[in-house]
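The structure under discussion appears below in the form of structure tokens.
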Amino acid sequence: MDNILTSNDKVVQKSTGSNVAGPANQKSKEDSTSHGSFGTAKNANSQSSITSLPQKRKASEDESECPAKKVDLEEGHGSKVAAHYNDLQESGLHARSQSRIFYLRNFNNWMKSALIGEFVDKVRQRKKNITVLDLGCGKGGDLLKWKKGRIDKLVCTDIADVSVKQCEHRYFEMKARSRNEHVYEAEFVTADTTKELLSKKYSNPDIRFDICSCQFVYHYSFETYEQADMMLRNACEMLHPGGYFIGTTPNSFELVKRLEASDTDSFGNDVYTVQFQEKGNYPLFGCKYDFNLEGVVNVPEFLVYFPVVVEMAKKYQMKLVYKKTFLEFFEEKVKNDEPKMLLKKMQALERYPAAPNSKLASKKPEDYDHAKKIVDSGPAKSPLGTLSMSEWEAASIYLLFAFEKQP
Ligand SMILES: C[S@@+](CC[C@H](N)C(=O)[O-])C[C@H]1O[C@@H](n2cnc3c(N)ncnc32)[C@H](O)[C@@H]1O
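All letters in the sequence shown, in the order written, are residues 1 to 407 by full-length UniProt numbering.
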């Protein structure tokens, strides 16, 4: 796929020379409000040739398993989180491919792939054997990414014991399938990483990591300072100097901005909603909200005020390398061929217009106004790769971060 269009709005020059349509510029993103007017496509000079997007939805094996399920909001939080994730059924490939947020899930998964790939490459420049901690591994949605990164050792840890078992099972299945390829060694630990010290649970107490990856997890720790600090300690204390703590988490600025622009204590669209308990009062810790994806209540999360994380991380000799919104990171990565190819392989963008005999993910035509404008404007050759506007609005809640351990 060569023509890529995000929520809108400017055309960026791909490093190899051809054009791609990139996301909203910073100003328009800052100006966007709760219901997410990220602007509309206004300039499409793309002349590049087009490789068609896949026509059929093929659910990726290497997919994060974070679907939603109704939970009792009054239970203790840690056990509630574990019960919630333990109870999640892995939906089959067919069910996943039929989901309204099929492309959003793939897009989020691609984000993780690009982030993980970037930091594995950085470490590999200076050493051969790479050891990784996957903190909040879930059912093992990233196992294949680590295989692709040719790491040597992976420690997977999560609060949800059933998820850890499924992760382990998936690891051995992957290993069995890869008889002629090198697959890293792995170890599996069940623990509440906001309350327990992981270093006491590793088979080798002297283990050191090159990367700690914490994907869509760190926000669960922001219930109290002590929990946020413990998760940070677990993420960082066993890193080698020069090692990285990388991850993805909701962007509190984006959440609060959208909340403040809403008339109620909630905001969202037909694919996601966020419900706060109260508007205008945002404690640094314990600021709880419910995040609903595809219409079902998920387990409550906590607002992560990122400047606090940056300060807290100094205690563990961690320095912020970068913090980027999903849109900033996406815009940057699609300029390069390899992540761009991966977008296609992972079906992380939807083809617009839909292929003959196929339907778009959203039934609302206005969800594709941004793409239609580009296609109608002529110079861009269709089909484009994009997401429905509702999915862009959900994806743009998140940020990626990377910290480096100082000597
Ligand atoms: C949204 S899922 C992400 C899973 C995985 N990182 C991925 O990207 O596919 C969040 C995960 O965080 C885990 N989690 C939440 N609170 C945790 C805690 N206190 N300690 C360890 N894991 C936790 C959950 O059990 C769940 O597996």
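Think of the CB as a built atom: it goes at the ideal place given N, C-alpha and C, for glycine as much as any other residue.
{"Item": "Close-in-space but distant-in-sequence residues of the same chain around Tyr282 (CB under 7 Å, 5 per side omitted)", "Value": "Val256, Leu303"}
{"Item": "Thr386 burial status per 10 Å Cβ neighbour count (16 or more: buried)", "Value": "buried"}
{"Item": "Residue burial classification, Pro339 (beta-carbon count within 10 angstroms, cutoff 16)", "Value": "buried"}
{"Item": "Exposure label - Gln406; buried when at least 16 CB within 10 Å", "Value": "exposed"}
{"Item": "For Thr273: DSSP bridge partner residues", "Value": "Gly268, Asn292"}
{"Item": "Opening and closing residue of the beta strand (DSSP E) in which Ala186 lies", "Value": "185-190"}
{"Item": "Distance cut-off 8 Å: Asp158 Cβ against heavy atoms of ligand 1", "Value": "yes"}
{"Item": "Cβ neighbour criterion (16 or more within 10 Å) applied to Tyr322", "Value": "exposed"}
{"Item": "Length of the line joining the Cα atoms of residue 408 and Ser262", "Value": "No answer is possible for residue 408: it lies beyond the span of the chain, which begins at 1 and ends at 407."}
{"Item": "Those runs of the alpha helix (DSSP H) which lie wholly inside the region 158-225 and span at least 4 residues", "Value": "161-177"}
{"Item": "Residue from Glu223, Leu143, Lys373, Pro365 whose Cα sits closest to the Cα of Ser390", "Value": "Pro365"}
{"Item": "Where Leu284 falls: helix, strand or coil (DSSP)", "Value": "coil"}
{"Item": "Identity of the residue in Phe403, Gly78, Ala394 nearest Tyr103 by Cα", "Value": "Ala394"}
{"Item": "Residues bridged to Phe245 (per DSSP)", "Value": "Cys212, Phe403"}
{"Item": "Per-residue DSSP class, three states only, for Cys156", "Value": "strand"}
{"Item": "Minimum Cβ-Cβ distance from Phe306 to chain B less than 9 Å", "Value": "Chain labels in this structure do not include chain B; a single protein chain is all it has."}
{"Item": "Near ligand 1: Asp192 beta-carbon under 8 Å from a heavy atom", "Value": "yes"}
{"Item": "Integer-rounded CB distance, given that Leu399 should sit under 8 Å from Glu326", "Value": "First, the amino acid is wrong: residue 326 is Phe here, not Glu. Right, their Cβ atoms sit about 7 Å apart."}
{"Item": "Pick from Asn298, Val162, His219, Tyr316 that is closest to Leu284, judged by C-alpha positions", "Value": "His219"}
{"Item": "Identity of the residue in Arg177, Lys195, Asn3, Lys112 nearest Met346 by Cα", "Value": "Lys112"}
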